[in-house]
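See below for the structure under consideration.
Residue numbers (our numbering), protein chains in the order written: chain E, 40 to 860; chain B, 57 to 399.
Right, dumping it as structure tokens:
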């Protein structure tokens, strides 16, 4: 919101030496964030009145002109793209050194001498948006420059003198005052400033509105308002004023309105806009003739719209309403969308002579929802949705009538004053113990200073022994201030956070409880990335059904109700689909892609954590998974890269693991897939290759290996290593054995069998597997190193021979192995 | 005796000059120092035939000479080794700048992981627990417990992802639900940071993403004050940035704290004079924080008359982008190795 320094000064006596910049900082530190301070005159330095002498074509650009501009003593060559240039026109000329906003956007830029398409330019003919004067000189297009019209000043006169700009404008971040309905007008801010500087704030007490007796016995209007839903409209005030003469509003009002970016329209509309920015109370003025029932009877209904009811607003668009929306209607039709915008055919025009002022209060949530649903956020709706004080409706109406009677000397109040009001406000009292206040802030405050602060903000304060009884002012009572902590904030922010010295709380020295799952995630990331050479990817938690279809995954996924990326509405059940997409994309740039991700997945229909503190409702299960993918150009069996990484990883985590062949869903290679089993019986994941046909479907050229491990499950089986084997004193003996077995024989069972033959067998290591030449079809040759060792003695060759022979015979018996010598 | 020693010394010096390789040096050493028959060894043996002062004096002299000779021997050995090195340079030199072949692919951690690890370590060292909670969260924990009533704009569709057929489930829009879950689980006093993934239903561009990361701190104890919050935040930021920082509080509104603050830090680029990085204000908006709202304490199962606390939020994604100068937030979720391989 834009705030005018001059406007504020109408309400509060600012300290003499205060600068606008100091005030802006103080407001930022104690009340709302002031994002910008624009000194109007300063901003117009080096911008002067110029007169166009001559316009020529630009030799190198169709859209540009070479313009000769007189600025008093000299003529300047200017390259300009303005659409409304003509000779003899008076323009706002930015000379070299002037500060402008390029095309009305971004930061101010200082003009320098420039060559534009080969032609020199000594300044710029300004458009209104480029020098912040859109309110004063509205442009029809962004190519239109300011036309100063017929003004009687010498060329070269500073523009600021011509338009008499002497204000300073604050740009306040609206987000910083969403909770402060009282600050959406200058008066509310003036009250804050009064509290900050201990300055006097003028009272807001316009005279009460009373029907005026007609001079010539003309009948007065009968105004009736029927509020159908007092929850949605707690207060509705209205009055009819006759003999209004539509014209321009007074210059002082126009100037203030323009300073905050509003365009003056006519005296009545300007008065409502003035109150919008003065008190923060939106109002509306109807043309009485457009809404009368018959000659002197006006009936206004505040009701919910009918489903499908059509309404054409001042924006000339037709809106279709729902039964949740509130309208202002006469007997025939809706004439305004309550609190948002008036109707096209009922507003004030140049011909209007009788008006109805509306000053009302509407439910914040309802207004916001309607405005959002219709895409019509207006100055009015954005104020109502903050929960305005219903008392302001009356103050605004009084002031509006007062101004109208001033501006239109013949105008008269010609109806009863309607005040349909049904609202309750809870204004306390709140008990504020003095000690509580000091403890919360962390310093010792002066009691009288606390009282001064609260009173200056409009709170009623009664001192009682060690506490204050505090009454909330109505403009803070709509939702802003409800509990004692709110008062702590009021006192401390006005006192000044800068005046509170920091101090450290005293904590007991207790080591924090370990988050074992997070520690496991970190260890795994370190090992997989830094030891096994995989790179970590972060994918979205959302996955596309098209991708799942391509891969061939048909499981049911949890779905977003309102996805922003319509192509990814599903919540991932597995990390692999998005990782496979990563592989496809990276394969264009890399021959080898090794990626992993650690993240949460979402399983429909499986119970997870509690939804609330009590009750049995559960969220879906969300386990942390590790996903790995690997592809390398020309690698026909990438499986082992991933399977050995998995096995090594689990071994490092102190977890005994084995792979067990298993056929999964059809998108997974049926002959190259295994379950990962830890501590003999617990399934924690899978290692597999993608089925070749799916791999091609996704667009990956080489075979893809992948693995997924459930870390939430695995966590239970991780053991901190806490034993070691004594270093053997006696030398080991190594023997090799090679044999041919059926091709289907699994390494893991062979290894297990050999290990069980004798306790002196310490290690069994596969060093070769071979199929093809010299080996019968359907069979394979396997070769192992076997290490024999005793912890009691040096083994004799004879001892080893005996066991080795036993190994041979067991292999023959169990696997029908034929030994190769 | 003395004459004998002098003679040995002379012969040693003469002989050593003639030694021309390592093998000869070994022979030469044996000739003088062999335990059985070395000339020097023999001479030393003769010492026992002397008596009294003579024995003492000769013993000293013999030792002196022996050490002198051994030193000369060592020097000769070093000279020979130097000669060997010269040979090795010729025959066994390698290109030490060449990488190991075949090339080994190294892996990389995601920049967010690196930043989170650093922050988590820092907080752990200050006694904070590191927590996370469900990413698909109930509206109860996401909003109600955090003093965000059903009529609050944050509850409307525009900001939060909701789940189809479950109007009371959403993708958590902040990590704050874990504040309440933590209080319920661990009670008080409590010091915890929550770090994790959050979601907002907003269009993606270079500086906004619908998926982002937050790190949020919570301290619950007796009699926590605004002064405590100021003091702690200053220490924490100094720890995160590894230098002294100046902070200031100004009002900020968040439903789950009261009072709420925006914490600004004196610009580290210009030290507060004003520059482009701080939009010429001298201060950089750094993090939202505040004293925990009594309703939130209550939702956590604690008595707000007994327990108080403060909370603060760190946008760890922005921190990572600043740390590495990442210009487009979308890189972080693109899975592109050309980006990821740089960390």
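Glycine included, C-beta positions come from ideal geometry on N, C-alpha and C.
In chain order, 69, 234, 235, 492, 495 and 496 place their CB closer than 8 Å to the CB of residue 533 of chain E, counting only its own chain and leaving out the 5 sequence neighbours on each side. Residue 519 of chain E and residue 219 of chain E do touch by the CB rule: their CB atoms are close to 6 Å apart, below 8 Å.
The residues 361 and 362, in chain order, have a CB closer than 6 Å to that of residue 346 of chain E in the same chain once the five nearest residues on each side in sequence are set aside.
Assignment of beta-bridge partners to residue 192 of chain B by DSSP yields B:227. Within the segment 276 to 288 of chain B, the residues whose Cβ lies closer than 7 Å to some Cβ of chain E are 277, 279, 280, 281, 282, 283, 284, 286, 287 and 288, listed in chain order. A distance below 8 Å separates the beta carbons of residue 188 of chain B and residue 557 of chain E. Residue contact with chain B for residue 700 of chain E: absent (no Cβ-Cβ distance below 8 Å to any residue of chain B). Remark: three or more beta-carbon pairs, one from each stretch, lie closer than 8 Å, so the segment 108 to 117 of chain E and the segment 84 to 94 of chain E are flagged as touching. One Cα belongs to residue 77 of chain B, the other to residue 156 of chain B, and the distance between them is close to 37 Å.
Taking the beta carbon of residue 294 of chain B as reference, no residue of chain E falls within 7 Å; the closest one sits roughly 12 Å away.
What residue 81 of chain B touches in chain E, judged by beta-carbon distance under 7 Å, is nothing: the nearest beta carbon there is about 36 Å away. Residues of chain B with a Cβ closer than 9 Å to the Cβ of residue 540 of chain E are, in chain order, 283, 286 and 287. Residue 397 of chain B sits exposed, since fewer than 16 C-beta atoms from the chains shown fall within 10 Å of its C-beta. Straight-line spacing of the CA atoms in residue 198 of chain E and residue 213 of chain E works out to 31 Å. The alpha carbon of residue 431 of chain E has as its nearest neighbour, out of E:400, E:485, E:58 and E:413, the alpha carbon of E:400. Scanning its chain for C-beta atoms nearer than 6 Å, with the 5 sequence neighbours on each side dropped, one finds around residue 807 of chain E the residues 822, in chain order. Your pair residue 573 of chain E and residue 667 of chain E checks out as a contact, with CB atoms roughly 6 Å apart and the cut at 8 Å. Separation of the CB atoms of residue 236 of chain B and residue 355 of chain B is rounded to 5 Å, and the pair is thereby assigned contact status at 8 Å.
Taking CB atoms only, residue 546 of chain E has a neighbour in chain B less than 8 Å away. Identification of chain E residues near residue 247 of chain B by a Cβ-Cβ cut-off of 8 Å yields 546 and 551, ordered along the chain.
Annotated as distal: residue 299 of chain E and residue 456 of chain E, with beta-carbon spacing of 8 Å or more.
Residues of the segment 160 to 175 of chain B that bring their beta carbon within less than 8 Å of a beta carbon in chain E comprise 160, 161, 162, 163, 164, 165, 166, 168, 169 and 173, in sequence order. When CB distances to chain E are screened at a threshold of 8 Å, the residues of the segment 253 to 269 of chain B falling below it are 253, 255, 257, 258, 259, 260, 266 and 267, in chain order. Contact between the segment 818 to 837 of chain E and the segment 785 to 804 of chain E is present: three or more C-beta pairs spanning the two stretches fall below 8 Å.
E:115 is the residue among E:78, E:82, E:115 and E:75 whose C-alpha sits nearest the C-alpha of residue 93 of chain E.
As DSSP reads the structure, residue 208 of chain B sits in no beta bridge. Rounded to the nearest whole angstrom, the C-alpha separation of residue 443 of chain E and residue 351 of chain B is 47 Å. The Cβ neighbour count for residue 661 of chain E, taken over all protein chains shown within 10 Å, is at least 16; the residue is labelled buried. Minimum Cα-Cα distance from residue 632 of chain E among the listed residues B:143, B:70 and B:163 corresponds to B:163.
Under the Cβ distance rule, residue 392 of chain B counts among the residues neighbouring chain E, one pair being separated by less than 8 Å. Among the CB atoms of chain B, none fall inside 8 Å of the CB of residue 596 of chain E.
Nearest Cα to residue 308 of chain B within the set E:284, E:340, E:316 and E:215: E:215. Residue-level contact by beta carbon fails for residue 209 of chain E and chain B, as no gap is shorter than 8 Å. Closest by C-alpha distance to residue 120 of chain E, out of E:113, E:142 and E:136, is E:142. If you check the CB distance, residue 508 of chain E and residue 470 of chain E come in under 8 Å. For residue 380 of chain B, none of the residues of chain E pass the 9 Å Cβ criterion, the least Cβ distance being about 14 Å.
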